[in-house]
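Each remark here refers to the structure printed beneath this line.
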Amino acid sequence: MIKFIFRRLLMMIPVLIGVSFVIFSMLYFAPGDAADVILGDLATPEDKQLFRAEHGLDKPFLVQYFNYMKGVVTEGDLGTSYVTRQPVTIEIMERFPATLQLSAMSVFLAVVIGVTVGIISATRQYSFIDHLATSLSMIGVSMPNFWQGMMLIIIFSVALRWFPPSGFSTPMHWVLPAVTVGTNASANIMRMTRSSMLEIIRQDYIRTARAKGQTEAVVIWKHALKNALIPIITVVGLSFGRLLGGAVLTESIFSIAGVGKLMVDAIKLKNFPMVQGGVLFIAFVMSIVNLVVDVLYSFADPRIRSMYTRPRTRKAATAKEAA
Amino acid sequence: MSDTILEIKDLVVHYVTDRTTVRAVNGISISLERGESLGLVGETGAGKTTTALSIMQLIPDPPGRIVSGEIRYEGEDLVAMSPARKREIRGNQVSMIFQDPMTALNPVLTVGDQIAEVVRLHQKISRAKATVKAQEMLELVGIPGERYPEYPHQFSGGMKQRVVIAMALACDPKLLIADEPTTALDVTIQDQVLDLIEKLMTGSGTSLILITHDLGVVAEICQKAAIMYAGEIVEYGTLPHIYQNTQHPYTVGLFGSVPNLNEDVDRLRPIKGLMPDPTEVPAGCVFAPRCPEASAECSAAPAPVVEVEPGHFVKCHKRRGGGSK
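As structure tokens, then:
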């Protein structure tokens, strides 16, 4: 298993190089000059020239890319923000905890609600509760985040005054953003859980479990759920990975200083090093999440696990032979 | 307590969907003594598995429903029983070997845990003791006990079926239902599995219902046989009744379609025609459309059950005169 994880970590290298190259080229060839944006209209051509030289922007494309990657690999240096003159790495790391916290809370909420409702829905297919849950999940999936966020603010902050409308400092501040982001994810997870469970509970081994005299609760939550986990893990992983890249709109609406907001501001200001660093960071996080998802698969399903690890008995047998 | 362990009376099971009603089982009656084994024989779709699932009270509902009839296990009606009492009996006193071992085991749980689960459910013993018991059961069916922590995908089909058998026998059931235990296996393994079931049954006092479409298997293992056709039992009796004094034209046809080693035949002699669509069961005798002896009377009214000799029942218009009733 450790070998597998190590191999997967190695495989992340080409992915990240690819991502960095693509984003670097896109920003290089994008119209607009950072010097114009940063220095403003009043800057003289000499000032601009100086700015470009200072940031190495006058060098050929591949040289620029190579220098950039050298910094990334040797020092973990993603460049310096044009705006704040701070290292990009530090800026991202300052913002990341808020994003991580928001994502973790939303996904936790989404998993608890999504899996529970999904299972209830599947075990009572076509009942009133199933129709209700399915309709609500449709609304949950199709409701835009920004609209929902604003509605929650209007209802719970402005009208009822239960929760503060912006910021992310105390637990009271966490509720509305987590609900906003979690709604979408929980609707997705619920739909996936429902369809996955519907397929599993018709399997023969579920009937076998019932034939043993097992209670319905154990049949569903142990025998069936464990088999239904793979697609659920996939959806949860995808949601979590996406959220770690920053819930852009939600962070903007609730004025949360997260990665998403950082990226949007950077794009608006043509703060290229910030954008590059941010994208690379998101790609990195996404790869890690995918790796975690793959490892979780093997915990959920022994058939997948056996592809990565040698079966115990065979190992024992060879050991015996050797002795 | 009488010696009858299981008595099914006029069981009717339908699968009801929006458009159609599948009449899977139409008024069958079976009675089984303690330690006795009954072969339930019939073509695919004759209602054998539905009968078995009714006894287990595992008819998928919806769409399946037991419309009427009683299933008395040791005098208690399983149909009317509380779910909790059903669970006490299931897996413990009545257990079932399922048709397809490839899908009957949970792929994400170890085989040992799956056997230990049934033991722990019905016997108040510790986890450690249940593990030991599960390993004993594995050994009993010829699988090394060390393979307890392995998963179903690490076993071959025949071994999976052994695991399923171990699971079914773990609590020493009083009634075992084996639903085509060998159909999914290749011929050599079939024989091994049947030998195993036979070996485990002898001397245990367990009653057996063996579902099969193989008359040879029934002759080998069972004392009684019930021939099912289109949801009905068309002939029912002891092995000598069925094999030596075959009465029902369908049973005659079944024996006729078995190739005879002493004869030189080029072609098999199948029963002509197909089993009726269970959504449109014929009004008269269900076998009339395929019956070589059928007359107008046969398609007019359902066939009566005739006791042609004590304990030998035939559901046929034509046997009325010859019967003792």
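Note that the protein sequences, when read in sequence, are chains A and B.
Using this note's numbering, read the first sequence as starting at 112 and increasing by one per residue.
Using this note's numbering, read the second sequence as starting at 979 and increasing by one per residue.
Where is the CB? At the ideal position from N, CA and C, for every residue including glycine.
All figures in this text were calculated on a predicted structure; none of them were measured in a lab.
Taking residue i as the reference, which of the options has the closest Cα?
i	options	result
Glu-1066 of chain B	B:Asp-1039, B:Gln-1035, B:His-1191	B:Gln-1035
Ala-1146 of chain B	B:Ile-1220, B:Glu-1095, B:Gly-1123, B:Ile-1205	B:Glu-1095
Gln-1132 of chain B	B:Val-1086, B:Ile-1103, B:Asp-1242	B:Val-1086
Ile-343 of chain A	A:Gln-197, A:Val-222, A:Ala-377	A:Val-222
Ala-1279 of chain B	B:Arg-1247, B:Asp-1255, B:Gly-1042, B:Cys-1263	B:Cys-1263
Arg-302 of chain A	A:Met-249, A:Ser-363, A:Ala-270	A:Met-249
Val-990 of chain B	B:Leu-1154, B:Ser-1273, B:Arg-997, B:Ala-1030	B:Ala-1030
Asp-1039 of chain B	B:Glu-1176, B:Ser-1104, B:Tyr-993, B:Ala-1148	B:Tyr-993
Gly-143 of chain A	A:Val-126, A:Leu-121, A:Leu-168, A:Glu-157	A:Leu-168
Val-292 of chain A	A:Val-330, A:Val-403, A:Ile-367	A:Ile-367
Ser-1032 of chain B	B:Gly-1047, B:Glu-1021, B:Gln-1170	B:Gly-1047
Val-148 of chain A	A:Ser-409, A:Ala-411, A:Pro-413, A:Ala-377	A:Ala-377
Thr-281 of chain A	A:Glu-157, A:Phe-177, A:Leu-213	A:Leu-213
Ala-925 of chain B	B:Ser-1073, B:Ala-1281, B:Val-1196	Nothing can be reported for residue 925 of chain B: it is not among the residues displayed for chain B, which extend from 979 to 1303.
Ala-215 of chain A	A:Val-286, A:Tyr-237, A:Gln-197, A:Leu-150	A:Val-286
Thr-319 of chain A	B:Ile-1103, B:Ile-1167, B:Ile-1187, B:Ile-1155	B:Ile-1155
Cys-1276 of chain B	B:Gly-1289, B:Val-1286, B:Ile-983, B:His-1295	B:His-1295
Glu-1150 of chain B	B:Gly-1123, B:Thr-1160, B:Leu-1186	The amino acid at residue 1150 of chain B is misidentified as Glu; the sequence shows Asp. Of the listed residues, the one whose Cα sits closest to Asp-1150 of chain B is B:Leu-1186.
Pop quiz: residue i and residue j are said to be a contact at Cβ under 8 Å. What is the actual Cβ separation, rounded to whole angstroms?
i	j	result
Asp-988 of chain B	Gly-1005 of chain B	5 Å
Lys-1138 of chain B	Leu-1083 of chain B	6 Å
Ser-478 of chain A	Met-180 of chain A	Absent from the structure is residue 478 of chain A, since the part of chain A shown begins at 112 and ends at 434.
Glu-202 of chain A	Met-385 of chain A	7 Å
Pro-1267 of chain B	Pro-1260 of chain B	6 Å
Gly-348 of chain A	Asn-401 of chain A	7 Å
Met-1206 of chain B	Val-1089 of chain B	No, Met-1206 of chain B and Val-1089 of chain B are not in contact; Cβ-Cβ is about 32 Å, not under 8 Å.
Val-1003 of chain B	Thr-1022 of chain B	Wrong, their Cβ atoms sit about 15 Å apart, outside the cutoff.
So what does residue i bridge to, in DSSP terms?
i	result
Ala-1203 of chain B	B:Gly-1017, B:Gly-1215
Val-1003 of chain B	B:Val-991
Met-1074 of chain B	B:Ile-1155
Val-1292 of chain B	B:Glu-1213, B:Val-1284
Pro-198 of chain A	A:Thr-191
Gly-1042 of chain B	B:Tyr-993
Ser-1185 of chain B	B:Leu-1153
Glu-985 of chain B	B:Ser-1009, B:Arg-1050
Arg-1068 of chain B	B:Val-1072
Asp-1055 of chain B	B:Arg-1050
Thr-1190 of chain B	B:Val-1019
Measure the Cβ-Cβ separation of residue i and residue j and say whether it is below 8 Å.
i	j	result
Ser-1015 of chain B	Glu-985 of chain B	no
Gln-1077 of chain B	Glu-1198 of chain B	no
Lys-1293 of chain B	Val-1236 of chain B	no
Gly-1194 of chain B	Leu-1163 of chain B	no
Pro-304 of chain A	Val-194 of chain A	In the sequence as presented, Pro is not what sits at residue 304 of chain A; that position holds Thr. Result no, Cβ atoms of Thr-304 of chain A and Val-194 of chain A do not sit closer than 8 Å.
Gln-1101 of chain B	Lys-1152 of chain B	no
Ala-1121 of chain B	Val-1142 of chain B	At residue 1121 of chain B the sequence reads Ile, which differs from the Ala that was named. Their beta carbons are not under 8 Å apart, which means Ile-1121 of chain B does not touch Val-1142 of chain B by this criterion.
Gly-251 of chain A	Met-308 of chain A	no
Phe-1291 of chain B	Gly-1215 of chain B	yes
Val-370 of chain A	Thr-210 of chain A	yes
Ile-341 of chain A	Ala-411 of chain A	yes
Ala-322 of chain A	Gly-1069 of chain B	yes
Ile-240 of chain A	Ser-232 of chain A	yes
Leu-127 of chain A	Leu-391 of chain A	yes
With 16 other CB atoms within 10 Å as the buried threshold, where does residue i fall?
i	result
Val-1000 of chain B	buried
Gln-1225 of chain B	buried
Arg-425 of chain A	Since pLDDT at Arg-425 of chain A reaches only 46, below the 50 mark, its modelled position is unreliable, and the value read off the structure follows with that caveat. With fewer than 16 other Cβ atoms within 10 Å, it is exposed.
Gln-387 of chain A	buried
Ile-265 of chain A	exposed
Met-979 of chain B	Here the model assigns Met-979 of chain B a pLDDT of 44, short of 50, so the residue's position is not dependable and the matter cannot be decided.
Pro-1130 of chain B	buried
Tyr-1051 of chain B	buried
Lys-1111 of chain B	buried
Ala-1106 of chain B	exposed
Glu-432 of chain A	Residue placement at Glu-432 of chain A is flagged as unreliable, the pLDDT there being 47, under the threshold of 50; the coordinate-derived value follows with that caveat. So Glu-432 of chain A counts as exposed.
Arg-272 of chain A	exposed
Phe-140 of chain A	exposed
Pro-1254 of chain B	buried
Ser-1302 of chain B	Its pLDDT being 39, under 50, Ser-1302 of chain B is placed unreliably by the model, and the measurement read from it follows with that caveat. The residue in question, Ser-1302 of chain B, is exposed, as its Cβ has fewer than 16 Cβ neighbours within 10 Å.
Gly-1300 of chain B	Note that Gly-1300 of chain B scores a pLDDT of 48, beneath 50, so its modelled location is shaky; the value from the coordinates is reported in the next line. That one is exposed.
Arg-313 of chain A	exposed
Thr-255 of chain A	The question names Thr, yet the displayed sequence has Pro at residue 255 of chain A. Answer is exposed; the Cβ neighbour count stays below 16.
Pro-288 of chain A	buried
Ile-113 of chain A	exposed
Ala-428 of chain A	Model confidence at Ala-428 of chain A stands at a pLDDT of 45, short of 50, so the residue's coordinates are unreliable and nothing is read from them.
Asn-185 of chain A	It should be noted that the sequence gives Thr, not Asn, for residue 185 of chain A. That one is exposed.
Glu-165 of chain A	exposed
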